[in-house]
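J.:
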Ligand SMILES: Nc1ncnc2c1ncn2[C@@H]1O[C@H](COP(=O)(O)OP(=O)(O)OP(=O)(O)O)[C@@H](O)[C@H]1O
Ligand SMILES: [Zn+2]
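In my numbering, the protein residues as written are 2 to 638.
1) Looking at C-beta atoms only, is the number of pairs between the stretch 179 to 187 and the stretch 127 to 138 that lie closer than 8 angstroms three or more?
2) Considering only their Cβ atoms, is the gap separating residue 483 from residue 525 smaller than 8 angstroms?
3) Evaluate residue 334 with the Cβ neighbour count: other Cβ atoms within 10 Å of its Cβ, from every protein chain shown; 16 or more gives buried, anything less gives exposed.
4) Which residue spans inside the stretch 349 to 409 form an unbroken beta strand (DSSP E) run of at least 3?
5) Taking the alpha carbon of residue 521 as the point to measure from, which residue in 557, 102 and 468 has its own alpha carbon closest?
6) Please state whether DSSP places residue 427 in a helix, a strand or coil.
7) Quick one, are the C-beta atoms of residue 64 and residue 272 less than 8 angstroms apart?
8) Quick check on residue 532: does DSSP put it in helix, strand or coil?
9) Let me check you understand the geometry: is the CB of residue 426 closer than 7 angstroms to at least one non-hydrogen atom of ligand 1?
10) With DSSP collapsed to three states, give me the class of residue 509.
11) So residue 341 and residue 328 are in contact, right, with Cβ under 8 angstroms, and what is the actual spacing, rounded?
12) Between which residues of its own chain and residue 18 is the CB-CB distance below 6 angstroms, once the five residues before and five after are set aside?
13) From what residue to what residue does the beta strand (DSSP E) around residue 160 run?
14) Apart from the five residues on each side of it in sequence, which residues of its chain come closer than 6 angstroms, Cβ to Cβ, to residue 337?
15) In whole angstroms, what is the alpha-carbon distance linking residue 486 and residue 325?
16) If you check the beta carbons only, do residue 399 and residue 431 fall under 8 angstroms apart?
17) Let me know if residue 343 comes out buried or exposed under the rule of 16 or more other beta-carbons within 10 Å of its beta-carbon.
18) Would you identify the three-state DSSP class for residue 60, choosing helix, strand or coil?
19) By Cβ distance below 8 angstroms, which residues in the same chain neighbour residue 188 in space, the five residues on each side in sequence not counted?
20) Looking only at its chain, what residues have a beta carbon closer than 7 angstroms to the beta carbon of residue 495, apart from the 5 residues adjacent to it on each side?
21) The beta strand (DSSP E) spanning residue 472 covers which residue range?
22) At a threshold of 7 angstroms, does residue 418 count as lining ligand 1 (C-beta to nearest heavy atom)?
23) Please report how far the alpha carbon of residue 284 lies from the alpha carbon of residue 30, in whole angstroms.
24) How far does the beta strand (DSSP E) with residue 311 in it reach, from first residue to last?
25) Secondary structure at residue 120, three-state DSSP: helix, strand or coil?
26) Would you mind reading off the limits of the beta strand (DSSP E) that contains residue 330?
27) Assuming residue 602 is part of the alpha helix (DSSP H), what are its boundary residues?
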């Protein structure tokens, strides 16, 4: 019974019913003197298939929108009035079939979304009163402990509190090589255990998981109308009336109503109207499956035009885990460990990535850094100032010393410069008005950084620019190792913004890749703001124009290539649509194309456009496949 109901409401009901009536009409006409019965059946076929079209046309008119359905309605009703029953039935029948096929194939371009929803977990095993209970994934509470066994899906976002295991995170990052997880690591709902056993503390449930946010974004993208889409809307608002006038004129001049009605049918811009949305939906769906989240059609189009990519250094080109390399004591009578101790006690209150290696080194040297400084203040882009044991401690670059009027009497500037030319980031330590020494750290360059720059160039990006707050020699060393085209060093956050704005004024479409608060203004100014390793950050997923879920730098060139292919796909679709309409119009005016044939070709062009867009869904070999084997392994880790 349910099946019958589904069929009655299904997309194939109307075409099937109308088709049967047409067949019956043909059989009836063969009988003697049954011509009227045949005609009646044909009219019935036209009405069955035509009523929904007329209803849609009227609905659209009510909101002052002239739709394709209106053209088809006028043509079919006109054909009925002049007694061309077969033409009326054929046009509406073919239109109905076309629509059924359209919605069936369109559903395929939405398959990416369906696939994402399919990875959503159904059940969870939680510990309740010391016992394992299986419950629906949706009823896990925040703070509950979930067990993830081999082969099971992780039901929530959370933190591993015990056990070890490997998770396939492909549904989030697009990378299917399992990632090892142990105590303290974050895990995501929708990822799959490939071994081991994990106890996970639920920190994100239901709609508050990374997977839910990805699904939400892709859904939004499907509704969003891109700029070119608005152009099409504007286009049809004058195109449709123009066609009605043309058909009227042609009918009046030739004296043939059929000719006028046929013109209406073949001029339907059906393929044109869907040419943009299908490609965008396919492109965004494809990229979501690869762990690339694009905010909407508009950003897909902008991404296709990117010709300058600006990147931040720490954490993007480098691993973002600097290690201490040098401690140079400069003031007379000061030991290395004393300089390190003052620095560590000041940095104990800092969140900056440069603070961690100093604290770790102090701990290793047996320097106690238990207490927080009495007071600490970051000086953005320069360093920090802190109060320790009643003394003012400065740690940072030369600009910091200048700002606080501390004279460099011990040659710290020269030492800092020397360290910097070796690719190490120097930080000068001063207590009260005395410079004690210089501490340096070095960060390892990511193995895939050079490959990313090369792949960006290959994807058509003219210039890759580094924007960093670090000193010039360090920046130059990283640039030389990665093939960066242009270096801007020693920047404050507002300088980063200025450079992005300057590049835009010079006519470039700029993408900015960054992390951290420092980069936020530049990210917002850039045409496309890109967040890396966004899976763990709800804010990044919500705010970035392009969020790369994993930590794979090569996803950026991949995203740009995909955007370019999508834009090319849209252009092909528009050409297919316009050429079909042009040829059919010529065919009708020169004679030979009937109303039914016109509709057949019209629907054919719609299906070709959809099929073309679906090519985007096919998986392209990722840029990574071109790398030598060992490097490929390295990146996957
Ligand atoms: N907590 C700190 N301790 C010591 N020095 C610091 C600290 N914070 C900033 N500095 C100094 O200020 C400079 C710029 O720091 P900033 O955080 O602005 O870098 P950034 O712009 O994020 O650089 P990158 O592009 O490498 O990420 C650093 O290179 C360092 O010399
Ligand atoms: Zn930074």
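We put the CB at the ideal spot given by N, CA and C, even for glycine. The structure presented is a predicted model; accordingly, all values stated were derived computationally and were not measured.
T.: Here's the rundown:
1) The stretch 179 to 187 is not in contact with the stretch 127 to 138.
2) Sequence index remark: in the chain shown, residue 525 carries index 524 (1-based). Sequence index remark: in the chain shown, residue 483 carries index 482 (1-based). Cβ atoms of residue 525 and residue 483: not closer than 8 angstroms.
3) For this step, residue 334 is matched to residue 333 along the chain shown. Under this definition residue 334 is an exposed residue.
4) Complete beta strand (DSSP E) runs here, min 3: 376 to 380, 384 to 389 and 392 to 397.
5) For the purposes of this step, residue 521 is identified with residue 520 of the chain shown, where counting begins at 1. Per the C-alpha coordinates, the member of 557, 102 and 468 positioned closest to residue 521 is 468.
6) In the chain shown, residue 427 corresponds to position 426, counting from 1. Taken through DSSP and simplified to helix, strand or coil, residue 427 comes out as strand.
7) Reading the chain shown from its first residue, position 63 is the one you call residue 64. Reading the chain shown from its first residue, position 271 is the one you call residue 272. Taking 8 angstroms as the Cβ cut-off, residue 64 and residue 272 do not qualify as a contacting pair.
8) Stepping through the chain shown from its first residue, residue 532 is reached at position 531. The three-state secondary structure of residue 532, taken from DSSP, is strand.
9) In the chain shown, counting from the first residue as 1, residue 426 sits at position 425. It does: the Cβ of residue 426 is within 7 angstroms (strictly closer) of some heavy atom of ligand 1.
10) Locating residue 509 in the chain shown gives position 508, counting from the first residue. Residue state, collapsed to three classes: coil.
11) Here residue 341 refers to the residue found at position 340 of the chain shown. Here residue 328 refers to the residue found at position 327 of the chain shown. About 5 angstroms separates the two Cβ atoms, so the contact holds.
12) Here residue 18 refers to the residue found at position 17 of the chain shown. Correct list, in chain order: 49.
13) Start at 1 with the first residue of the chain shown, and residue 160 comes out as number 159. It spans 158 to 169 - the beta strand (DSSP E) in which residue 160 sits, taken as one unbroken run.
14) Looking up residue 337 in the chain shown gives position 336. For residue 337, where only same-chain residues beyond five positions count, the Cβ hits under 6 angstroms are 328 and 330.
15) Residue numbering aside, residue 486 sits at position 485 when the chain shown is read from its first letter. Residue numbering aside, residue 325 sits at position 324 when the chain shown is read from its first letter. If I take the Cα positions, the gap works out to 28 angstroms.
16) The residue labelled residue 399 in the question sits at position 398 within the chain shown. The residue labelled residue 431 in the question sits at position 430 within the chain shown. Cβ atoms of residue 399 and residue 431: not closer than 8 angstroms.
17) Residue 343 sits at position 342 when you count from the first residue of the chain shown. Classification for residue 343: buried.
18) Residue numbering aside, residue 60 sits at position 59 when the chain shown is read from its first letter. Looking at residue 60 - three-state DSSP - the assignment turns out to be helix.
19) Position 187 of the chain shown, counted from the first residue, corresponds to residue 188. Correct list, in chain order: 149, 155, 158, 159, 160, 161, 168, 182, 199 and 201.
20) Taking the chain shown and counting its residues from 1, one reaches residue 495 at position 494. In the same chain as residue 495, and ignoring 5 residues on each side of it, the C-beta atoms closer than 7 angstroms to its own belong to 522, in chain order.
21) Along the chain shown, read from residue 1 onward, the residue named residue 472 stands at position 471. In the DSSP annotation of this structure, residue 472 is not part of any beta strand (DSSP E), being labelled neither H nor E.
22) Working through the chain shown from its first residue, we reach residue 418 at position 417. Taken from the Cβ of residue 418, every heavy atom of ligand 1 lies 7 angstroms or farther away.
23) Residue mapping note: residue 284 aligns to position 283 of the chain shown, counting from 1. Residue mapping note: residue 30 aligns to position 29 of the chain shown, counting from 1. Residue 284 and residue 30: Cα-Cα distance of roughly 50 angstroms.
24) As a first step, residue 311 is located in the chain shown; it is residue number 310 there, counting from the start. According to the DSSP assignment, residue 311 belongs to the beta strand (DSSP E) that extends over 309 to 313.
25) Within the chain shown, the letter at position 119 stands for residue 120. Coil, per DSSP.
26) Reading the chain shown from its first residue, position 329 is the one you call residue 330. Start and end: 324 to 330.
27) Indexing the chain shown from 1 puts residue 602 at position 601. Per DSSP, residue 602 belongs to the alpha helix (DSSP H) from 596 to 615.
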